[in-house]
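First comes the structure, then the notes that go with it.
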Amino acid sequence: MSLEEINLIWLEGQDCAGCTISIKQASNPTLIDILTGAIPGLGGLKLAFHPTLMFEWGEDAAKVLIDAMEGKYDPFVLILEGAIPDEGKAGEGVFCGIADYEGKLLKLSDVIDGLAKRCAAAVAIGTCASYGGIPHGNPNPTGAKGLLDYLGRDWTGGLGLPVICVPGCPPRPDNMVQVLGQAVLAARGLAPLPELDEWHRPVALFGSTMHELCPICGFYAEGTDAHGFGETGCLGALGCKGIISHCNNTTWVDGYGGCTGTGVPCFGCTEPEFPDPPTSPFFAKAPAMPFIIENITGMLAHAEMGFERFKPIIESLLPQIPEFIEVLDKQMEEEKDKGRKI
Ligand code: FSX
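Position 274 (the sequence shown) corresponds to 428 in the numbering used here; numbering is contiguous.
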């Protein structure tokens with residue numbers, strides 16, 4: 155498979171289009187950097203289909219999907235934003251039609267079926283596309299699911315990669331361009347394949363919890379809780395789920411913004427259960443067990459860290475300790491002598 159030119163086919167299902175809004179804010183690199191080949195190794199990318207950003211519209215746009223399903227856009231990366239409904243539950247209607255072509259409505263699920271057979275790789279952008287997200291929330295009336303569940307964990311694309319998930323509701327802008335960029339560089343043998351966790355998230359981006367990376371976690375460490383919005387302090391008492399959420403949202407655009415850094419509790423939007431428990435109710439406190447475990451391991455680790463930090467001081471004092479004891483002994487003897495004389 156020649157990878158000189160790679161098409162990107164971005165579909166949109168059940169969602170709010172926030173992922174598209176978000177990716178347009180990417181700053182490191184920008185979407186324009188990626189699409190214009192400004193990043194070495196990423197030239198030759200073409201955004202062949204995107205419901206919001208493409209020039210074609212109507213049947214011209216739909217024709218791209220028809221042609222792609224027939225192999226005219228190979229090689230291509232399939233990118234999905236939004237969840238996939240179960241059309242079997244739609245009765246006489248359709249839950250998610252994405253285009254009209256020659257009088258026929260193209261259903262999202264049919265287009266995914268057609269494209270998944272021939273795509274080089276598939277990337278699920280956002281929690282809706284990854285795990286179902288908000289459309290999949292209880293009671294999930296449309297039977298919505300994410301691409302991981304829809305294609306299955308064992309599915310692989312032409313490059314041998316499983317579905318790559320970039321969750322977040324919406325995902326952090328830079329996370330999307332970085333993952334797409336790495337997928338393309340990996341396809342060209344210029345970067346290693348992304349290591350994925352059990353939920354197919356790239357470990358490099360989602361390997362830590364929001365709590366671990368939180369820009370205001372110092373307030374938790376010193377025991378200062380905020381009890382109202384706008385108050386300074388850890389947001390745990392206001393429902394922050396950072397301790398159970400794998401996320402790197404330390405800032406949002408170009409070093410600014412981010413959830414906890416701007417006083418907003420983490421709602422756990424990168425987790426497969428989102429928006430159901432334990433990520434909700436959004437303003438209810440996170441489960442206690444992770445904090446209990448963190449406190450126990452943290453106390454032991456703090457003792458060790460403290461010892462390591464103070465080790466040079468303790469070691470520098472050690473030679474003087476016997477001297478100090480000798481002075482004390484001498485003084486005590488002198489006191490005793492005084493007592494004897496009285
Ligand atoms: Fe879902 Fe994207 Fe949430 Fe929206 O479109 S991940 S509803 S913020 O952004 O798919």
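Beta carbons: idealized from backbone N, C-alpha and C, even for Gly.
Legend entry - Helix, strand or coil at residue 156 [DSSP, three-state]: Within the sequence shown, the letter at position 2 stands for residue 156. Reliability fails at residue 156, whose pLDDT of 45 lies under 50, so the model's placement of it is uncertain and the value that follows must be treated cautiously. Secondary structure of residue 156 (DSSP, three-state): coil.
Inset, instruction - Ignoring anything shorter than 4 residues or poking outside the stretch 382 to 411, list the alpha helix (DSSP H) runs there in chain order. - result: Segments of the alpha helix (DSSP H) lying fully in the stretch 382 to 411: there are none.
Legend entry - Alpha carbon of residue 427 to alpha carbon of residue 468, nearest angstrom: Counted from its first residue, the sequence shown places residue 427 at position 273. Counted from its first residue, the sequence shown places residue 468 at position 314. One C-alpha to the other measures close to 48 Å.
Inset, instruction - Leaving aside the five residues before and after residue 132 along the sequence, list all residues of the same chain whose C-beta is less than 8 Å from its C-beta, in chain order. - result: In the structure as shown, the chain begins at 155 and stops at 496. Residue 132 is therefore absent and cannot be evaluated.
Inset, instruction - Determine the direct distance from the alpha carbon of residue 478 to that of residue 491, and round the result to whole angstroms. - result: Counting from one through the sequence shown, the residue named residue 491 turns up at place 337. Counting from one through the sequence shown, the residue named residue 478 turns up at place 324. Taking C-alpha positions only, residue 491 is separated from residue 478 by approximately 20 Å.
Inset, instruction - Counting only the same chain and skipping the five closest in sequence on each side, list residues whose C-beta sits under 8 Å from that of residue 386. - result: The sequence position of residue 386 within the sequence shown is 232, counting from 1. Here the set comprises 373, 378 and 380.
Legend entry - alpha helix (DSSP H) segments (min. 4 residues) lying fully within the stretch 172 to 210: Listed in chain order, they are 172 to 177 and 185 to 189.
Inset, instruction - Closer than 7 Å by C-beta to residue 315: which residues in its own chain qualify, once you throw out the five before and the five after it? Chain order, please. - result: Start at 1 with the first residue of the sequence shown, and residue 315 comes out as number 161. If we look at residue 315 and ignore the five residues flanking it on each side, its Cβ neighbours are 275 and 347.
Inset, instruction - Quick one: residues in its chain with C-beta nearer than 6 Å to the C-beta of residue 169, no 5 flanking neighbours on either side, listed in chain order? - result: For the purposes of this step, residue 169 is taken as residue 15 along the sequence shown, with counting starting at 1. Once the five neighbours on either side are set aside, the close Cβ partners of residue 169 are 235, 236 and 282.
Legend entry - Opposing strand residues paired with residue 281 [DSSP bridges]: Start at 1 with the first residue of the sequence shown, and residue 281 comes out as number 127. Residue pairing from DSSP leaves residue 281 without any beta-bridge partner.
Inset, instruction - Please report how far the alpha carbon of residue 310 lies from the alpha carbon of residue 248, in whole angstroms. - result: Within the sequence shown, residue 310 is the residue found at index 156, counting from 1. Within the sequence shown, residue 248 is the residue found at index 94, counting from 1. If I take the Cα positions, the gap works out to 28 Å.
Inset, instruction - Can you tell me which of the three DSSP states residue 295 falls into? - result: By 1-based counting over the sequence shown, the position of residue 295 is 141. Secondary structure of residue 295 (DSSP, three-state): coil.
Inset, instruction - Can you tell me which of 223, 272, 257 and 221 puts its alpha carbon nearest to the alpha carbon of residue 313? - result: Reading the sequence shown from its first residue, position 159 is the one you call residue 313. The residue with the shortest Cα to Cα distance from residue 313 is 272.
Inset, instruction - Please name the residue or residues paired with residue 166 in a DSSP beta bridge. - result: Residue numbering aside, residue 166 sits at position 12 when the sequence shown is read from its first letter. The partner list for residue 166 (beta bridge, DSSP) reads 235.
Legend entry - Nearest-angstrom Cα separation, counted from residue 240 out to residue 155: Taking the sequence shown and counting its residues from 1, one reaches residue 155 at position 1. Taking the sequence shown and counting its residues from 1, one reaches residue 240 at position 86. Residue confidence is low: residue 155 scores 44 on pLDDT, short of 50, so the model does not pin down where it sits. No coordinate-derived value is stated.
Inset, instruction - Decide yes or no for the touch test of the stretch 242 to 257 against the stretch 349 to 369: beta carbon pairs closer than 8 Å, at least 3 of them. - result: Flag = no, the stretch 242 to 257 and the stretch 349 to 369 do not touch.
Legend entry - Assigned secondary structure, residue 259 (DSSP; H/G/I helix, E/B strand, else coil): If you number the sequence shown from 1, residue 259 lands on position 105. Of the three classes helix, strand and coil, the one that applies to residue 259 here is strand, per DSSP.
Inset, instruction - May I ask you to check if the CB of residue 278 is nearer than 7 Å to at least one heavy atom of ligand 1? - result: Taking the sequence shown and counting its residues from 1, one reaches residue 278 at position 124. Between ligand 1 and the CB of residue 278, the shortest heavy atom gap is not smaller than 7 Å.
Legend entry - Spatial distance of residue 396 from residue 363 (CA atoms): For this step, residue 396 is matched to residue 242 along the sequence shown. For this step, residue 363 is matched to residue 209 along the sequence shown. Approximately 6 Å between the Cα atoms of the pair.
Legend entry - Assigned exposure category for residue 160 - 16 Cβ within 10 Å defines buried: Position 6 of the sequence shown, counted from the start, is the residue given in the question as residue 160. Residue 160 is buried by the Cβ-count criterion.
Inset, instruction - Take the Cβ of residue 245 as the centre, count every other Cβ of all protein chains shown within 10 Å, and call the residue buried at 16 or more, exposed below. - result: Within the sequence shown, the letter at position 91 stands for residue 245. Residue 245 counts as exposed, since fewer than 16 other C-beta atoms from the protein chains shown sit within 10 angstroms of its C-beta.
Inset, instruction - Determine the direct distance from the alpha carbon of residue 253 to that of residue 261, and round the result to whole angstroms. - result: Numbered from its first residue, the sequence shown carries residue 261 at position 107. Numbered from its first residue, the sequence shown carries residue 253 at position 99. Separation of residue 261 and residue 253 (C-alpha to C-alpha, rounded to the nearest whole angstrom) is 8 Å.
Legend entry - Member of 180, 300, 230 and 351 whose CA lies at the smallest distance from the CA of residue 202: Position 48 of the sequence shown, counted from the first residue, corresponds to residue 202. Check the Cα spacing between residue 202 and each of 180, 300, 230 and 351: the tightest is with 230.
Legend entry - heavy atom of ligand 1 below 7 Å from residue 303 C-beta: Taking the sequence shown and counting its residues from 1, the one referred to as residue 303 is at position 149. Relative to ligand 1, the beta carbon of residue 303 is positioned no closer than 7 Å to any heavy atom.
Inset, instruction - Report back the beta-carbon spacing between residue 279 and residue 320 to the nearest angstrom; my notes put them in contact at under 8 Å. - result: As a working note, residue 279 is residue 125 in the sequence shown. As a working note, residue 320 is residue 166 in the sequence shown. Correct: roughly 5 Å between the Cβ atoms.
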